[in-house]
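Each step along the sequence shown adds one to the number in the UniProt record's numbering, with nothing skipped, and position 226 is 226.
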Amino acid sequence: MSLFDSHFHIIDPRFPLVPNQGFLPEPFTVADYKAKAEPLGIGGGAVVSGSFQAFDQSYLLEALSILGKTFVGVTQLPASATDEEILALSDAGVRGVRFNVRRGGSEELSRIKELAVRVYDLAAWHVELYIDAKEIDDFLAEVLFSLPKVSIDHVGLSKEGLPIILRLAEKGVRIKATGFGRLDFEVQPVLVKIAGVNPDSLLFGTDLPCTRAPVPFSDNDLNLIRETFEGDMLAKVLSKNARKFYGISV
1 MSLFDSHFHI
11 IDPRFPLVPN
21 QGFLPEPFTV
31 ADYKAKAEPL
41 GIGGGAVVSG
51 SFQAFDQSYL
61 LEALSILGKT
71 FVGVTQLPAS
81 ATDEEILALS
91 DAGVRGVRFN
101 VRRGGSEELS
111 RIKELAVRVY
121 DLAAWHVELY
131 IDAKEIDDFL
141 AEVLFSLPKV
151 SIDHVGLSKE
161 GLPIILRLAE
171 KGVRIKATGF
181 GRLDFEVQPV
191 LVKIAGVNPD
201 SLLFGTDLPC
211 TRAPVPFSDN
221 DLNLIRETFE
231 GDMLAKVLSK
241 NARKFYGISV
């Protein structure tokens, strides 16, 4: 089974881009992504909307139409989006809505329960959070525990947030094994702990093109995962878990 990249961005300047905190990323087109991903054996993945794309869907629909049925989208939506808009995006391959707490550009976190329940009931979507896990207080944790389908980006980012990341994983939340160059802790033992509390939780991803990451993705990140796990557990982290989570059957 080919690898599944659960987290990457497409940045196409033909479509709207919004500077975020003074930052505007360099282009990273579908062709650029394929040139990086295909040599790694990646055959599917999730295109994730960034803060700099706000609520634009045009770039994502274009990217998914080119990438094909083994790829899905995770977009940013306002709570005012209509049922018809959500279902149309679902038909195009979108499978989740992102709350970018760290960078902005998405709906307010106060609307997460309302929107999460709605998109799940309509289209079986999940909600994804880009957040430093140390900012997940008891109230937000209880909200996340109550939601039907959730993922957290980049292993929660901080050592201080690891206790809640482990609790979330144990409760069924998916944790993306991505963005290792963004983390302030040793990755390998943390991945082992997460897999220990929930073998279905970890989702490998490249985070390409690694915008604003202090250290970008490299083959060493993939090698670290291969050195940490073996057999079916390795297959789960690199492909099976994500394919099941995103509903990819091909």
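Even for Gly, the Cβ is constructed at its ideal location relative to N, Cα and C.
Predicted, not measured: the structure shown is a model, and the values here were computed from it.
Opposite residue i in the DSSP bridges: which residues?
i, result
"Thr75", "Val97"
"His126", "Gly96"
"Ala35", "BP columns for Ala35 are empty, so no partner."
"Leu203", "Lys176"
"Val150", "Val127"
"Ile42", "Leu3"
"Phe8", "Val47"
"Asn20", "Phe23"
So, using beta-carbon positions, are residue i and residue j closer together than 8 Å?
i, j, result
"Gly45", "Asp5", "yes"
"Val98", "Thr75", "In the sequence as displayed, the identity of residue 98 is Arg instead of Val. Yes. Within cutoff."
"Asp132", "Ser158", "yes"
"Trp191", "Leu208", "Note on residue identity: the sequence assigns Leu, not Trp, to residue 191. No, they are not a contact pair."
"Val47", "Phe15", "no"
"Leu67", "Leu222", "no"
"Gln53", "Leu89", "no"
"Val101", "Tyr130", "yes"
Between residue i and residue j, what straight-line distance do the alpha-carbon atoms span, to the nearest angstrom?
i, j, result
"Trp125", "Glu107", "16 Å"
"Phe145", "Lys171", "7 Å"
"Arg167", "Pro25", "34 Å"
"Phe55", "Gly196", "37 Å"
"Ser218", "Thr29", "19 Å"
"Asp153", "Tyr59", "21 Å"
"Gly105", "Ser2", "32 Å"
"Ile225", "Val215", "17 Å"
"Tyr33", "Leu64", "13 Å"
"Leu162", "Ser249", "32 Å"
"Pro199", "Val155", "15 Å"
"Ala141", "Lys134", "11 Å"
"Ala35", "Glu62", "18 Å"
"Asp83", "Asp91", "12 Å"
"Gln21", "Gly231", "43 Å"
Residue i and residue j look like a contact to me (Cβ under 8 Å); what is the Cβ gap, rounded to whole Å?
i, j, result
"Ala235", "Phe204", "Their Cβ separation, rounded to whole angstroms, is 11 Å, which puts Ala235 and Phe204 out of contact at 8 Å."
"Thr206", "Phe8", "5 Å"
"Phe245", "Arg182", "The pair is not a contact, with the Cβ atoms about 21 Å apart (cut-off 8 Å)."
"Ile86", "Ala123", "6 Å"
Among residues of its own chain, excluding the 5 on either side of residue i, which ones have a beta-carbon nearer than 8 Å to its beta-carbon?
i, result
"Glu227", "Gln188"
"Gly93", "Leu64, Lys69, Phe71, Val72, Gly73"
"Pro78", "Phe55, Glu107"
"Met233", "Ala195, Pro199"
"Val186", "The question names Val, yet the displayed sequence has Glu at residue 186. So the list is empty, once near-sequence residues are dropped."
"Pro27", "Ile11, Asp12, Pro13"
Excluding sequence positions up to five away, which residues of its chain have a Cβ less than 6 Å from the Cβ of residue i?
i, result
"Ala116", "Val127, Leu147"
"Val18", "Phe52, Ala54"
"Val143", "Lys113"
"Ala242", "Phe4, Ser6, Leu203"
Among the residues of its own chain, which have a CB less than 7 Å from the CB of residue i, if the five just before and after it don't count?
i, result
"Ser49", "Leu60, Val74, Thr75, Gln76, Arg98"
"Ser80", "none"
"Glu160", "Lys134"
"Val119", "Ile86, Val97, Trp125"
"Ile164", "Ala133, Ile136, Ala141"
"Thr184", "Residue 184 is actually Asp in this sequence, not Thr. The answer, listed in chain order, is Ser158, Lys159."
Is residue i close to the ligand COA? I mean its beta-carbon at under 7 Å from any heavy atom of the ligand.
i, result
"Leu224", "This structure does not include the ligand COA; it has no bound ligands of any sort."
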